[in-house]
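Right, one structure below, let's go through it.
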DNA sequence: GAGTGGTCTAGACCACGCG
DNA sequence: GCGTGGTCTAGACCACTCA
């Protein structure tokens with residue numbers, strides 16, 4: 001139980017060699033950092049209950065209000081989930097009441113009902129070596145081992161027939177994802193990121209997407225059952241775990257004839 | 001200076017006819033509502049300094065901490081901007097150090113420098129009547145007066161030549177935007193939403209976008225100087241002012257050969 | 001130095017979930 | 001009824017801005 005600072009009021013934390021700016025950091029930020037460390041270290045695992053504010057306050061030798069502000073920020077970043085009367089939990093993709101937290105493609109008719117969590121078909125799951133481009137995105141070196149997955153998501157149209165709507169290629173660093181197979185992915189109930197959490201201990205925290213309009217090649221058009229001249233959304237995503245470490249590169253092709261990519265700006 | 005509640009602790013606010021649930025609302029939420037009212041009423045205008053926390057606390061008969069929490073939330077929603085040592089200001093699109101807060105199209109080479117705030121050409125600005133579709137999006141009735149604007153944004157390519165990249169059609173309710181002309185828009189320095197603020201008193205607070213991949217018609221292809229078979233991003237935006245009132249419908253076509261739509265997920 | 005927002009504390013009470 | 005997070009208060013001190 002490290003006492004993060006000495007006095008009562010905040011002080012410039014550790015002195016970094018060149019102290020151009022004293023780099024004042026509020027106490028609650030330091031507490032936030034300490035909590036983050038424990039999350040990264042896997043001390044508190046996704047879905048688990050973390051110590052109560054009062055206990056954390058005692059442990060860190062600060063007031064409950066200071067812990068509260070640290071936890072507030074972490075909850076705002078979707079790393080923790082507060083539940084009044086129960087406690088504070090490590091956020092998870094498993095039972096996140098919003099399934100598909102990162103999937104912004106929604107049916108045109110505002111039906112959020114999501115007719116069954118989409119049908120997934122895994123076309124490929126192989127171990128390969130990272131190209132320069134893939135390596136750069138994942139923070140690896142060219143030639144490093146990576147897992148490559150290709151899958152198709154189909155959504156039920158009006159009649160109930162499944163329409164292939166998303167074609168995705170995933171690249172994952174070979175180390176953490178050793179042992180990933182199409183069978184394991186196909187057999188898993190729930191979001192892919194939930195599988196990554198429970199089976200590989202990798203929790204995706206945030207992601208960046210680059211979106212373009214493109215035409216599919218013959219292969220892609222065939223898989224998505226569209227004419228070659230059909231414009232599609234190209235969605236390139238890099239997903240990060242704790243500490244801004246990239247852990248997934250994903251290239252998706254979205255049909256937008258019955259769905260659209262929805263984004264809220266503020 | 002209305003005292004929002006009677007006692008010391010929070011109480012269920014006004015009793016709504018059917019009191020199925022007492023609808024408990026924290027004090028700071030009520031304060032937030034009161035501040036919002038004043039913002040909507042234009043009592044504090046964009047860019048202006050609002051009263052200090054201490055004065056607001058006195059005015060509302062609550063503690064500074066309660067005002068602080070209300071202001072914190074409003075700042076989080078980009079309605080207010082806090083500046084330490086100076087005060088709290090009403091947010092504005094004018095000098096928002098991030099120009100183009102709602103424009104997510106960025107050059108492929110991560111250069112955020114934004115080579116000159118884009119060159120704008122206004123092709124049209126006319127008063128028309130709302131179609132059923134436009135009316136629905138803007139919360140009007142079919143046939144109501146609307147302003148319709150068509151413009152092209154061009155960005156400098158490597159050499160320095162301007163490349164037409166965005167073709168946008170805007171629809172605005174005729175009432176608030178009476179007197180809008182292409183000349184006024186062309187002559188205005190700064191973001192369009194800043195013009196709306198200073199010239200028409202309409203402040204855009206948030207927006208929703210629906211994105212698809214499409215092919216341009218002959219007209220559109222000509223304006224954007226692309227082949228007819230070039231896939232483009234279709235970005236349909238509804239922008240809202242206070243109180244979730246829609247005030248703009250915007251349909252954009254984005255070229256994505258040198259730029260991409262960037263989105264951060266968390 | 002005065003005024004503003006920012007941090008930190010300590011204590012009280014409330015709403016919620018659960019046994 | 002207990003423990004949790006949620007709200008509210010009052011007061012102290014710190015960091016920043018500007019005259």
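Residue numbers (the UniProt record's numbering), protein chains in the order written: chain A, 1 to 266; chain B, 1 to 266.
All residues carry an ideal CB built from backbone N, CA and C; glycine is no exception.
- Using a Cβ-Cβ cut-off of 8 Å, residue 71 of chain B does not count as an interface residue toward chain A, since no Cβ of chain A sits closer than that to its own.
- Beta-bridge pairing by DSSP links residue 260 of chain B to B:106.
- By a beta-carbon distance limit of 8 Å, residue 100 of chain A contacts residue 191 of chain A. Their separation comes to about 6 Å.
- Listed by position along chain A, the residues whose Cβ is nearer than 8 Å to that of residue 206 of chain B are 264, 265, 266.
- The beta carbons of residue 213 of chain A and residue 195 of chain A sit no closer together than 8 Å.
- Among the CB atoms of chain A, none fall inside 8 Å of the CB of residue 137 of chain B.
- For residue 27 of chain B, no Cβ of chain A is located within less than 8 Å of the residue's own Cβ.
- Fully enclosed alpha helix (DSSP H) runs of no fewer than 4 residues occupy 192 to 200, 218 to 224 of the region 183 to 227 of chain A, in order along the chain.
- Not one beta carbon of chain A lies nearer than 8 Å to the beta carbon of residue 243 of chain B.
- Comparing alpha carbon positions, the residue from B:76, B:201, B:143, B:171 closest to residue 44 of chain B is B:201.
- Shown here for residue 64 of chain A: same chain residues with a beta carbon closer than 7 Å to its own, the five before and five after excluded, namely 53, 54, 57 in chain order.
- Within the UniProt domain "HTH gntR-type" (25 to 93) of chain B, the residues whose Cβ lies closer than 9 Å to some Cβ of chain A are 76, 77, 78, listed in chain order.
- The shortest C-alpha to C-alpha distance from residue 176 of chain A to any of A:28, A:204, A:105, A:169 is the one to A:204.
- Flagged as an interface residue toward chain B: residue 261 of chain A, by a C-beta distance shorter than 8 Å.
- Per the DSSP secondary-structure output, residue 247 of chain A pairs with nothing in a beta bridge.
- Residue environment for residue 243 of chain A: exposed (fewer than 16 other C-beta atoms within 10 angstroms of its C-beta).
- Between residue 78 of chain B and residue 211 of chain A, the C-beta gap is not smaller than 8 Å, which leaves the two residues out of contact.
- Looking at the backbone, the Cα of residue 75 of chain B and that of residue 216 of chain A are separated by about 43 Å.
- Residue 220 of chain A and residue 166 of chain A have their C-alpha atoms some 10 Å from each other.
- In the structure shown, residue 169 of chain B falls within a strand segment according to DSSP collapsed to helix, strand and coil.
- The secondary-structure analysis by DSSP pairs residue 164 of chain A across a beta bridge with A:154.
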